[in-house]
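A.B. asks: Numbering (this note's numbering), first residue to last: 16 to 402.
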DNA sequence: AACGCGTGGGT
DNA sequence: TACCCAAGCGT
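1) If you follow the beta strand (DSSP E) that residue 342 is in, where does it begin and where does it stop?
2) Starting from residue 164, trace the beta strand (DSSP E) both ways and give me its first and last residue.
3) Identify whether residue 305 lies in helix, strand or coil by the three-state DSSP scheme.
4) Say whether the stretch 220 to 231 touches the stretch 321 to 329, bearing in mind that this needs 3 or more beta-carbon pairs closer than 8 Å, one atom from each stretch.
5) Are residue 403 and residue 185 closer than 8 Å when you measure CB to CB?
6) Buried or exposed: residue 38, going by 16 or more other Cβ atoms within 10 Å of its Cβ?
7) From the DSSP output, in three-state form, read off residue 351 for me.
8) What would DSSP say about residue 262, mapped onto helix, strand or coil?
9) Please go through the stretch 63 to 148 and give each complete beta strand (DSSP E) segment of 3 or more residues, from N-terminal end onward.
10) Measuring alpha carbon to alpha carbon, tell me which of 124, 139, 52 ends up nearest residue 103.
11) Quick check for students: name the residue ranges of the beta strand (DSSP E) that lie wholly in the stretch 205 to 241, counting only runs of 3 or more.
12) In this structure, does DSSP put residue 253 in helix, strand or coil?
13) Decide if residue 220 is buried, meaning its Cβ has at least 16 other Cβ atoms within 10 Å, or exposed.
14) Quick one: residues in its chain with C-beta nearer than 7 Å to the C-beta of residue 379, no 5 flanking neighbours on either side, listed in chain order?
15) According to the Cβ coordinates, are residue 83 and residue 111 closer than 8 Å?
16) Can you tell me whether residue 175 is helix, strand or coil according to DSSP?
17) Could you check whether the stretch 127 to 138 touches the stretch 207 to 223, counting it as contact only if at least three pairs of C-beta atoms, one from each stretch, sit closer than 8 Å?
18) Would you decide whether residue 20 is buried or exposed? Buried here means 16 or more other CB atoms lie within 10 Å of its CB.
19) Run through the DSSP bridge pairs and tell me what residue 359 is partnered with.
20) List the endpoints of the continuous beta strand (DSSP E) containing residue 376.
21) By Cβ distance below 6 Å, which residues in the same chain neighbour residue 107 in space, the five residues on each side in sequence not counted?
22) Could you name the residues that DSSP lists as bridge partners for residue 333?
23) Look up residue 297 in the DSSP assignment and give the residues it is bridged to.
24) Hey, would you say residue 28 sits closer than 8 Å to residue 141, going by beta carbons?
25) Taking the alpha helix (DSSP H) that residue 393 falls in, what are its first and last residues?
26) DSSP state of residue 268, grouped into three classes?
27) Alpha carbon to alpha carbon, how far is residue 55 from residue 105? Give it in angstroms, no decimals.
28) Does DSSP put residue 243 in a helix, in a strand, or in coil?
29) According to DSSP, simplified to helix, strand and coil, what is residue 284?
30) In whole angstroms, what separates the C-alpha of residue 154 from that of residue 190?
31) Closer than 7 Å to a non-hydrogen atom of the ligand GDP - does that hold for the CB of residue 253?
32) Alpha carbons only, please: which of 35, 62, 79 is nearest the one belonging to residue 49?
33) I'd like the list of long-range same chain contacts for residue 59, defined as Cβ closer than 7 Å, with 5 residues on each side in sequence excluded.
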């Protein structure tokens with residue numbers, strides 16, 4: 016790396032960052048705790064999505080003591096809609112570890128931070144450099160892309176770089192006097208100028224030291240990896256209402272309905288999905304390229320649920336004013352085609368579940384519970400004439 | 001090491 | 001529109 020001037024690169028980028036840093040809330044009101052929360056939320060998640068969640072979370076749990084004192088359900092409820100819920104569970108678990116094992120004091124070194132669940136190589140470097148001034152790298156996807164472009168104009172070479180090599184390269188460039196500013200500046204450049212699919216090299220403050228940029232091949236570096244097309248899945252959810260209440264299944268609920276044999280085929284194991292969240296009754300997942308056949312399966316699912324679980328009589332089912340709405344929702348590599356069915360029970364309907372353990376509860380305020388977007392969207396379908 | 005885990009916005 | 005991918009981590 017003697018073909019370029021590291022000092023000039025550092026000065027130019029830091030100067031650019033001074034003038035162009037976005038006024039993000041965790042920058043405007045910096046704290047060790049707030050930095051931690053922001054770094055966890057920002058994992059695989061856009062700044063725009065995080066901002067309102069960070070504001071609400073910091074208001075609700077202003078310090079690690081408050082976070083440790085809250086229940087996991089409260090934390091997950093605050094996180095609802097942001098995705099990757101394991102982050103929230105780990106954040107809460109880590110807060111309790113801080114409270115119980117560290118005397119309520121947040122770690123003061125990268126090494127200590129990395130012992131907490133959910134804080135890995137990147138987050139520990141980011142927290143330690145930004146909030147503690149420790150001269151360590153924080154190499155995320157932005158930094159990996161920026162570093163790759165600075166040093167390589169060959170897509171093959173760049174594609175062969177291991178994360179550890181990039182971390183090492185990043186470590187060489189960290190400005191010891193202001194490591195946090197430097198790491199933030201590299202990421203900010205990647206997020207706003209040196210973007211993956213739309214690099215704006217003409218706006219780059221360090222183009223004169225960038226191999227890929229000077230060669231005009233920035234967009235080819237790093238090479239994008241081909242991904243499998245999303246699998247199309249058919250699925251039904253059930254919105255059972257009694258007055259202003261909705262039937263929800265608790266987080267640990269495991270469906271055990273006596274389903275027809277064909278339902279077991281193509282079923283996805285969803286045990287790791289939406290852990291800790293309340294759910295609507297939902298059919299198993301069926302792989303398929305069209306949803307034309309799902310109405311029949313929906314019917315079997317709904318009847319089974321209403322008869323076996325809720326013990327509704329045929330007369331009650333007939334009077335339940337069934338409505339259906341459909342929508343789509345993507346979860347990682349799955350494209351869900353969802354048909355959601357609303358069942359209206361009378362206000363005085365009472366659940367005869369004396370002969371079996373309770374499998375769900377009628378809740379008035381789902382927004383205070385941890386729920387996924389799958390649930391939120393299903394409920395919203397019946398609020399605005401989408402039926 | 002490859003995979004699972006959510007969701008929304010940009011192109 | 002149908003992708004791509006975004007301040008990763010744990011297993």
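Glycine included, each C-beta is placed from N, C-alpha and C at the ideal position.
C.D. replies: So, from the data block:
1) Residue mapping note: residue 342 aligns to position 327 of the first chain, counting from 1. Boundaries of the beta strand (DSSP E) around residue 342: 338 to 346.
2) Locating residue 164 in the first chain gives position 149, where the first residue counts as 1. Here residue 164 belongs to no beta strand (DSSP E); instead the alpha helix (DSSP H) covers 156 to 166.
3) For this step, residue 305 is matched to residue 290 along the first chain. Confidence in residue 305 is poor, its pLDDT being 48 and thus under 50, which makes the residue's placement too unreliable to answer from.
4) With a cut-off of 8 Å on Cβ pairs, the stretch 220 to 231 is not in contact with the stretch 321 to 329, counting fewer than three such pairs.
5) This structure leaves residue 403 out entirely; the chain is present only between 16 and 402.
6) Counting from one through the first chain, the residue named residue 38 turns up at place 23. It counts as exposed.
7) Taking the first residue of the first chain as 1, we reach residue 351 at position 336. Strand, per DSSP.
8) Translated into positions along the first chain, residue 262 becomes position 247. Looking at residue 262 - three-state DSSP - the assignment turns out to be strand.
9) Runs of the beta strand (DSSP E) inside the stretch 63 to 148: none found.
10) Counting from 1 along the first chain, the entry for residue 103 is found at position 88. Measuring from the Cα of residue 103, the nearest candidate turns out to be 52.
11) Residue ranges of uninterrupted beta strand (DSSP E) with 3 or more members are absent from the stretch 205 to 241; none lies entirely inside it.
12) On the first chain, position 238 is the one that residue 253 refers to. In this structure, residue 253 counts as strand in the three-state DSSP scheme.
13) Within the first chain, residue 220 is the residue found at index 205, counting from 1. Burial of residue 220 is indicated by the presence of at least 16 other C-beta atoms within 10 angstroms of its C-beta.
14) Indexing the first chain from 1 puts residue 379 at position 364. Correct list, in chain order: 259, 260.
15) Taking the first chain and counting its residues from 1, one reaches residue 83 at position 68. Taking the first chain and counting its residues from 1, one reaches residue 111 at position 96. The answer is yes: Cβ separation under 8 Å.
16) Here residue 175 is taken as the residue at index 160 of the first chain, counted from 1. Shown here, residue 175 sits in coil according to DSSP, grouped into three states, outside any helix or strand.
17) When Cβ pairs closer than 8 Å are counted between the two stretches, the stretch 127 to 138 is seen not to touch the stretch 207 to 223, the count staying below three.
18) In the first chain, residue 20 corresponds to position 5, counting from 1. Exposed: under 16 other Cβ atoms inside 10 Å.
19) Numbered from 1 along the first chain, position 344 holds the residue referred to as residue 359. According to DSSP, which records beta bridges pairwise, residue 359 is partnered with 256.
20) Here residue 376 refers to the residue found at position 361 of the first chain. Residue 376 -> beta strand (DSSP E) spans 376 to 378.
21) Looking up residue 107 in the first chain gives position 92. A distance below 6 Å between beta-carbons, with the five flanking residues on each side excluded, links residue 107 to the following residues of its chain, in chain order: 87, 90.
22) As a working mapping, residue 333 is identified with position 318 in the first chain. Answer is none; residue 333 lacks a bridge partner.
23) For the purposes of this step, residue 297 is taken as residue 282 along the first chain, with counting starting at 1. Residue pairing by DSSP places residue 297 opposite 252 in a beta bridge.
24) As a working note, residue 28 is residue 13 in the first chain. As a working note, residue 141 is residue 126 in the first chain. Not in contact: residue 28 and residue 141 (Cβ atoms no closer than 8 Å).
25) In the first chain, counting from the first residue as 1, residue 393 sits at position 378. Bounds of the alpha helix (DSSP H) holding residue 393 are 388 to 395.
26) Start at 1 with the first residue of the first chain, and residue 268 comes out as number 253. Correct three-state label for residue 268: coil.
27) Along the first chain, one-based indexing puts residue 105 at 90. Along the first chain, one-based indexing puts residue 55 at 40. Rounded to the nearest whole angstrom, the CA to CA distance from residue 105 to residue 55 is 9 Å.
28) Start at 1 with the first residue of the first chain, and residue 243 comes out as number 228. Residue state, collapsed to three classes: coil.
29) In the first chain, the residue the question calls residue 284 occupies position 269. Reduced to three states, the DSSP call for residue 284 is coil.
30) What you label residue 154 is simply residue 139 of the first chain in a count that begins at 1. What you label residue 190 is simply residue 175 of the first chain in a count that begins at 1. Those two C-alpha atoms are separated by around 14 Å.
31) The model on display carries no ligand, and the ligand GDP is accordingly not part of it.
32) The residue labelled residue 49 in the question sits at position 34 within the first chain. Between residue 49 and the set 35, 62, 79, the nearest pair of CA atoms involves 79.
33) Taking the first residue of the first chain as 1, we reach residue 59 at position 44. For residue 59, the CB contacts under 7 Å within the same chain, skipping 5 residues up- and downstream, are 99 in chain order.
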